[in-house]
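Asker:
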Amino acid sequence: EPEVTQTPSHQVTQMGQEVILRCVPISNHLYFYWYRQILGQKVEFLVSFYNNEISEKSEIFDDQFSVERPDGSNFTLKIRSTKLEDSAMYFCASTRPRSLTYGYTFGSGTRLTVV
Amino acid sequence: SQQGEEDPQALSIQEGENATMNCSYKTSINNLQWYRQNSGRGLVHLILIRSNEREKHSGRLRVTLDTSKKSSSLLITASRAADTASYFCATESNTDKLIFGTGTRLQVFP
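These protein sequences, in sequence, are chains A and B. Numbers 1 to 115, taken from the numbering used here, label the letters of the first sequence in order. Numbers 116 to 225, taken from the numbering used here, label the letters of the second sequence in order.
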C-alpha cells in the first residue's frame, strides 16, 4: 500500500537554528498538508498546499514557516528560526482531490526537539 | 473554540467488550473521519462518513453521524488488546484541511 514517507524521524536542533522537515507524499495525490502535535495534545493544522501554492494556513503558520515542493516528489516544511515551543511531532499528509471517499494518508512523523 | 471534542477522554475496557467513542463538532461539514494513533506514531485513517450518510460499517467498526446534533460516534465491537490506541475524529468542510478533535485514549486489557 502506498505510504507517505517523512525524514528524519527525529531531529534535535538548537533554538534559533533553521530546520527542514522532508516528506514524500503519495505520487498520485494532489493535496499536501503539514500538521503538528505537541506532546499529549491534539493534532493541529498548519498548512495545505495545492497546485504549487499554499491554499490555506493556520495562525500557527507565521513568517517563520515556509513550505516548498522543489520537485515532483518532495514536500518540505522549513522553520527559519526555531523556538522552544516548536518542539512537537510534525506530520505530513496527502490526499486525492477533496477526499470525498478516501481520507488522508499521514506519514509517521518527525519528532522535532528544540533545545 | 474547538471544532471537534471527544468523549470520553479515556476509556478502559476488557478484551471482547465494545468501545464507544463520541465526537461533537461545531460547523457544517462535508465529511467526518476517524483516525487511530498508536503511541508516538502516525495517524491511520479508519473510516470516512459523508454528511449525507447516517451510518457506515467497516469490519468491527461502526460509525454514526447525526448532522442535526453535530455529533458522531465510533463503535469498536469485540475489542482486542491490539485496539489500544488514541482515536481521533476529524471534520472536513469546504476548506482545504481536516480539523481534529481532542481524541479518546482507549486501553483494552487482555
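Glycine is no exception: its CB is placed at the ideal position from the N, C-alpha and C atoms.
1. Taking DSSP as the reference, what is the three-state secondary structure of A:G109?
2. Which runs of the beta strand (DSSP E) spanning at least 3 residues fall entirely within the segment 177–201 of chain B, listed in chain order?
3. If you measure beta-carbon to beta-carbon, which residues of the segment 103–115 of chain A are closer than 9 Å to chain B?
4. Using a beta-carbon distance below 9 Å, is A:S27 in contact with chain B?
5. CB B:N137 to CB B:L163, shorter than 9 Å?
6. Exposed or buried, what is A:M15 when buried is set at 16 or more other beta-carbons lying within 10 Å of its beta-carbon?
7. Is the beta carbon of A:L21 less than 9 Å from the beta carbon of A:I79?
8. Within 10 Å of its beta-carbon, does A:K83 have 16 or more other beta-carbons around it, so buried, or fewer, so exposed?
9. Can you give me the Cβ contacts of A:T76 inside the same chain, cut-off strictly under 8 Å, excluding the 5 residues immediately before and after it?
10. Measuring only between beta-carbons, confirm whether A:V12 sits less than 9 Å from chain B.
11. Could you have a look at A:L30 and say whether DSSP puts it in helix, strand or coil?
12. Going by other Cβ atoms of all chains shown within 10 Å of its Cβ, with 16 needed for buried, is A:H10 buried or exposed?
13. Span of the beta strand (DSSP E) holding A:E68?
14. For A:Q37 and A:F91, which I take to be in contact (beta-carbon distance under 8 Å), what is that distance rounded to the nearest angstrom?
15. Could you give the first and the last residue of the continuous beta strand (DSSP E) run that contains A:F61?
16. With three or more beta-carbon pairs closer than 8 Å as the criterion, would you say the segment 126–133 of chain B touches the segment 184–202 of chain B?
17. Any residues in the segment 37–48 of chain A with a beta carbon nearer than 7 Å to a beta carbon of chain B? Which ones, in chain order?
18. In chain order, what residues of the same chain lie with their CB nearer than 6 Å to the CB of B:T217, ignoring the 5 residues before and after it?
19. What residue range does the beta strand (DSSP E) around A:S94 cover?
Answerer: With the given structure in hand:
1. coil
2. 186–191
3. G103, Y104, T105, F106, G107, S108, G109, R111
4. no
5. no
6. exposed
7. yes
8. exposed
9. I20, L21, R22, C23, V67, E68, R69, P70
10. no
11. coil
12. exposed
13. 65–68
14. 7 Å
15. Element bounds for A:F61: n/a, residue is neither H nor E.
16. yes
17. K42, V43, F45, S48
18. E120, E121
19. 88–95
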